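FYI, UniProt numbering numbers position 117 of the sequence shown as 117, with every residue one higher than the one before it. Notes for the one structure printed next.
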Amino acid sequence: MALALLTRAHIMDKPQTGQVSDLSQQVWILRGQTLMTVPRSSSVAPVTVTVVPCKYPESLEQGKGVPTYFGIENPERCLYCQDIGGQPTLQLKEQKILGLHNQAEPVKSFLFYHNKTTRTSSFESVAFPGWFIASSERGQPIIHTSDRGKMALLFDFLCSTMALLCLCFL
């Protein structure tokens, strides 16, 4: 179902938007320049997440999932991975998601493989294989980790047309 959503977005060249929450009913918010998780409540305004698949998946490693760009709206920023002190780190950068999507070749630092199996999904960095997007503890930033055995978090991405369930084993 999620793969179909991303494939349809690729065909239409239109991003899909929605909100993210996990099994603990935490949602993603923007605090300063950092994506954080906080408990869902009527007083919390989650960020709007935008996803759009890469135009040229054939130029990337095959069999790992759909290469996907992740962004947020207001302000328009995109998730990317950067090596900071020898450690792959998840960052937000002021960037238009369709600008990335329309590049002549994939922008690997901004891409994540969306791998869906039955009811689970993971989002692995294209630039740093083996590193995944993960929710962290309540009130803490969204993280990028290679520790797949530590925890399992279910992300529920709700867009206007369908739900995208994303389970990251960390």
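Idealized CB from N, CA, C, for every residue including glycine. Here the structure is a predicted model, which is why all the values come from computation and not from measurement.
Q. How would you write the range of the alpha helix (DSSP H) that residue 99 sits in, first residue to last?
A. 97-101
Q) Of all the options 54, 18 and 35, which has the alpha carbon lying nearest to the alpha carbon of residue 137? A) 35
Q) Alpha carbon to alpha carbon, how far is residue 3 from residue 83? A) With a pLDDT of only 40 at residue 3, under the threshold of 50, the placement of this residue in the model should not be trusted; the figure read from the coordinates follows. About 29 Å.
Q) According to the neighbour-count rule (16 or more other Cβ atoms, all chains shown, within 10 Å of its Cβ), is residue 22 buried or exposed? A) Its Cβ being crowded by 16 or more others within 10 Å, residue 22 is buried.
Q | residue 50 versus 62, 63 and 79, residue with shortest Cα-Cα distance | A | 79
Q: Answer with buried or exposed for residue 46, where buried requires no fewer than 16 other C-beta atoms within 10 angstroms of its C-beta.
A: buried
Q) According to the Cβ coordinates, are residue 131 and residue 125 closer than 7 Å? A) yes
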